[in-house]
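Peer 1: Quick one: the structure is below, and I'll ask about it shortly.
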Amino acid sequence: MKPHLIKYSFLLMAVFVLGLASQALALAPPVAMLTQVKGTVEISKDKEWKKVTANKFIFEGTKIRTGADGSASIVNQTTNTSQNLAANSEVEVTTAAIKVVSGTLSEPQKAGDSVLASMNQRFEQAQRYTTVRRSVDKKDKEPKLTTAREITLTEAHPDLVWSNMGEEFSYRLIIDEKGVEVPASKESMIRYKVSGLTPGAHKYRVEVVKDGVSVFSPKGDRTLTWLGGAALDEFNKKLGELKAAAPGDEFLIANFLDEKGLTVAAMDMYRKYFKDNPDEVDMFPLLIKTYHDLKLDGLKKEAALEYNKNAGN
Numbered sequence: 003m004k005p006h007l008i009k010y011s012f013l014l015m016a017v018f019v020l021g022l023a024s025q026a027l028a029l030a031p032p033v034a035m036l037t038q039v040k041g042t043v044e045i046s047k048d049k050e051w052k053k054v055t056a057n058k059f060i061f062e063g064t065k066i067r068t069g070a071d072g073s074a075s076i077v078n079q080t081t082n083t084s085q086n087l088a089a090n091s092e093v094e095v096t097t098a099a100i101k102v103v104s105g106t107l108s109e110p111q112k113a114g115d116s117v118l119a120s121m122n123q124r125f126e127q128a129q130r131y132t133t134v135r136r137s138v139d140k141k142d143k144e145p146k147l148t149t150a151r152e153i154t155l156t157e158a159h160p161d162l163v164w165s166n167m168g169e170e171f172s173y174r175l176i177i178d179e180k181g182v183e184v185p186a187s188k189e190s191m192i193r194y195k196v197s198g199l200t201p202g203a204h205k206y207r208v209e210v211v212k213d214g215v216s217v218f219s220p221k222g223d224r225t226l227t228w229l230g231g232a233a234l235d236e237f238n239k240k241l242g243e244l245k246a247a248a249p250g251d252e253f254l255i256a257n258f259l260d261e262k263g264l265t266v267a268a269m270d271m272y273r274k275y276f277k278d279n280p281d282e283v284d285m286f287p288l289l290i291k292t293y294h295d296l297k298l299d300g301l302k303k304e305a306a307l308e309y310n311k312n313a314g315n
């Protein structure tokens, strides 16, 4: 497994580990991550074997086995290494090492120091993502909308999103002091496709409108970066390399998008994945993180409640 793939795998693991800070959970943090899953791959936490088809966080004492057509990579958090598990093999994962029961496991590949530094940064960011705080109801409260402080968009990923304050409200999106009216919606999230921007940074804000009158305007602007030119070429090059090295690995790709500031695109990938794979509970903090960063508080709370209810089951 290539070093840059190890980096993204560890970053994904970091998001999950501190998601366990929620008092509702009593699980120990994962010690490894299973990725690059191909063919028949199964894991067992006790005596029952369950098939794995996508990235999976691995806990102390978990066994992994592959069939005749199976293979996978195991990222060890403690040793900061990655090892490839061949077909017809079985291993047991512990905090100290990955023990070979049968078959073939490659020699560990060391990751760079930057991996641990990035992981620690994500630890601090992720501490409260899965924690649900009680909200205090206030009478006659005025609509107050918070949007993402920084966001990156491209022609391929042009959507800007924010929370819907209610069906009675519409919105005015102002980019570089030029406004556009965004109609009211029944959806919990408002989505608007941005276009016509030059490459680089732009200032934006979203006003809440009722009956044609602005009832809330933020005190300051946010930053929207439109990726284009050489920066877009470099982004597409790295994205292409990642897709070629990890074909079909949605989590590494989504994490790459999130790391580059394309948080809406990352959110959309996670939402689709969890809709198709509702049992992959241990990966759910990745989606919660995008809701947090995009200031989608309602969706974040719903997702955190669902995660705390189902984790460990």
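Quick note, the sequence shown lines up with residues 3 to 315 if you use this note's numbering.
Here a beta-carbon is modelled for each residue, glycine too, at the ideal position from N, C-alpha and C.
Bear in mind the structure is a predicted one, so any value in this text is a computation, not a measurement.
Please classify S187: does DSSP put it in a helix, a strand, or coil?
Peer 2: Here the question's residue 187 lines up with position 185 in the sequence shown. DSSP places S187 in coil when its eight states are reduced to three.
Peer 1: Have a look at K302 and S104 and give me their C-alpha separation to the nearest angstrom.
Peer 2: For the purposes of this step, residue 302 is identified with residue 300 of the sequence shown, where counting begins at 1. For the purposes of this step, residue 104 is identified with residue 102 of the sequence shown, where counting begins at 1. The straight-line gap from Cα to Cα measures roughly 43 Å.
Peer 1: Assuming the contact rule is C-beta atoms closer than 8 Å, L264 and T154 should be a hit. Round their C-beta distance to whole Å, please.
Peer 2: Position 262 of the sequence shown, counted from the start, is the residue given in the question as residue 264. Position 152 of the sequence shown, counted from the start, is the residue given in the question as residue 154. With a Cβ gap of about 5 Å, L264 and T154 count as contacting.
Peer 1: Tell me whether the beta-carbon of L36 lies closer than 8 Å to the beta-carbon of A74.
Peer 2: Translated into positions along the sequence shown, residue 36 becomes position 34. Translated into positions along the sequence shown, residue 74 becomes position 72. It is a contact, given that the beta carbons lie within the stated cut-off.
Peer 1: Taking the C-alpha atoms as reference points, what is the distance between V163 and K53?
Peer 2: Within the sequence shown, the letter at position 161 stands for residue 163. Within the sequence shown, the letter at position 51 stands for residue 53. Rounded to the nearest angstrom, the two C-alpha atoms are 36 Å apart.
Peer 1: Select from A88, T132, L87, A34 the residue whose C-alpha is nearest the C-alpha of N312.
Peer 2: Counting from one through the sequence shown, the residue named residue 312 turns up at place 310. With distances taken between Cα atoms, N312 lies closest to T132.
Peer 1: Would you mind sorting R135 into buried or exposed? The rule is 16 or more other CB atoms within 10 Å of its CB.
Peer 2: The residue given as residue 135 occupies position 133 in the sequence shown. Per the 10 Å Cβ criterion, exposed.
Peer 1: The alpha helix (DSSP H) that contains F237, what's its start and end?
Peer 2: By one-based count along the sequence shown, residue 237 stands at place 235. Taken as a continuous stretch (DSSP letters only), the alpha helix (DSSP H) holding F237 covers 231-247.
Peer 1: Measure the C-alpha to C-alpha separation of F171 and E92 and round it to an integer number of angstroms.
Peer 2: Here residue 171 refers to the residue found at position 169 of the sequence shown. Here residue 92 refers to the residue found at position 90 of the sequence shown. Cα to Cα, the separation comes out at about 57 Å.
Peer 1: Cutting at 8 Å between CB atoms, please list the residues of its own chain near V211, excluding the five before and the five after it.
Peer 2: Position 209 of the sequence shown, counted from the first residue, corresponds to residue 211. Once the five neighbours on either side are set aside, the close Cβ partners of V211 are F171, S172, Y173, R174, E183, V217.
Peer 1: With a 10 Å radius around its C-beta and 16 neighbouring C-beta atoms as the bar for buried, classify G72 as buried or exposed.
Peer 2: Numbered from 1 along the sequence shown, position 70 holds the residue referred to as residue 72. It is buried - the Cβ of G72 has at least 16 other Cβ atoms within 10 Å.
Peer 1: Cβ of A306 within 8 Å of Cβ of I290?
Peer 2: The residue given as residue 306 occupies position 304 in the sequence shown. The residue given as residue 290 occupies position 288 in the sequence shown. Yes; because the gap between Cβ atoms is below 8 Å, this pair is in contact.
Peer 1: Note down the Cα distance separating L118 from P185, rounded to an integer number of angstroms.
Peer 2: Locating residue 118 in the sequence shown gives position 116, counting from the first residue. Locating residue 185 in the sequence shown gives position 183, counting from the first residue. With a pLDDT of 38 at L118, under the threshold of 50, the predicted position of this residue should be treated as unreliable, and no value is reported.
Peer 1: Is it the case that the Cβ atoms of F237 and L229 are separated by a distance below 8 Å?
Peer 2: Stepping through the sequence shown from its first residue, residue 237 is reached at position 235. Stepping through the sequence shown from its first residue, residue 229 is reached at position 227. Yes, these two residues count as a Cβ contact at 8 Å.
Peer 1: Between L298 and S165, how many whole angstroms is the CB-CB distance? I'm expecting something under 8 Å.
Peer 2: For this step, residue 298 is matched to residue 296 along the sequence shown. For this step, residue 165 is matched to residue 163 along the sequence shown. At roughly 5 Å, the Cβ-Cβ gap stays under 8 Å, so L298 and S165 are in contact.
Peer 1: Over the uninterrupted beta strand (DSSP E) stretch that includes G202, give me the two end residues.
Peer 2: If you number the sequence shown from 1, residue 202 lands on position 200. Unbroken beta strand (DSSP E) run through G202: 202-212.
Peer 1: Considering only residues of the segment 147-198, which uninterrupted beta strand (DSSP E) runs meet the minimum length of 3 residues and lie entirely inside it, listed in chain order?
Peer 2: Here the runs fully enclosed are 152-155, 161-165, 172-177, 180-184, 191-195.
Peer 1: Find the nearest neighbour of D178 within the set H159, V208, E157, judged by alpha-carbon distance.
Peer 2: Stepping through the sequence shown from its first residue, residue 178 is reached at position 176. Here the closest residue by C-alpha is V208.
Peer 1: Taking the alpha carbon of K47 as the point to measure from, which residue in G222, V95, K240, K40 has its own alpha carbon closest?
Peer 2: Taking the first residue of the sequence shown as position 1, residue 47 is located at position 45. Measuring from the Cα of K47, the nearest candidate turns out to be V95.
Peer 1: Would you mind working out which of T97, N90, A89, R67 sits nearest T83, comparing C-alpha positions?
Peer 2: Mapped onto the sequence shown, residue 83 falls at position 81. Of T97, N90, A89, R67, the residue nearest in Cα terms is T97.
Peer 1: Report the three-state DSSP secondary structure of L107 (helix, strand or coil).
Peer 2: In the sequence shown, the residue the question calls residue 107 occupies position 105. Strand at L107.
Peer 1: Decide if R151 is buried, meaning its Cβ has at least 16 other Cβ atoms within 10 Å, or exposed.
Peer 2: If you number the sequence shown from 1, residue 151 lands on position 149. With fewer than 16 Cβ atoms within 10 Å of its Cβ, R151 is classed as exposed.
Peer 1: Leaving out five residues on either side along the sequence, give the residues of the same chain with a beta carbon under 8 Å from the beta carbon of P201.
Peer 2: As a working note, residue 201 is residue 199 in the sequence shown. The residues are W228, L229, G230, G231, A233, L234.
Peer 1: Which term fits L296, buried or exposed, when burial requires 16 or more other beta carbons within 10 angstroms of its beta carbon?
Peer 2: For this step, residue 296 is matched to residue 294 along the sequence shown. Buried.
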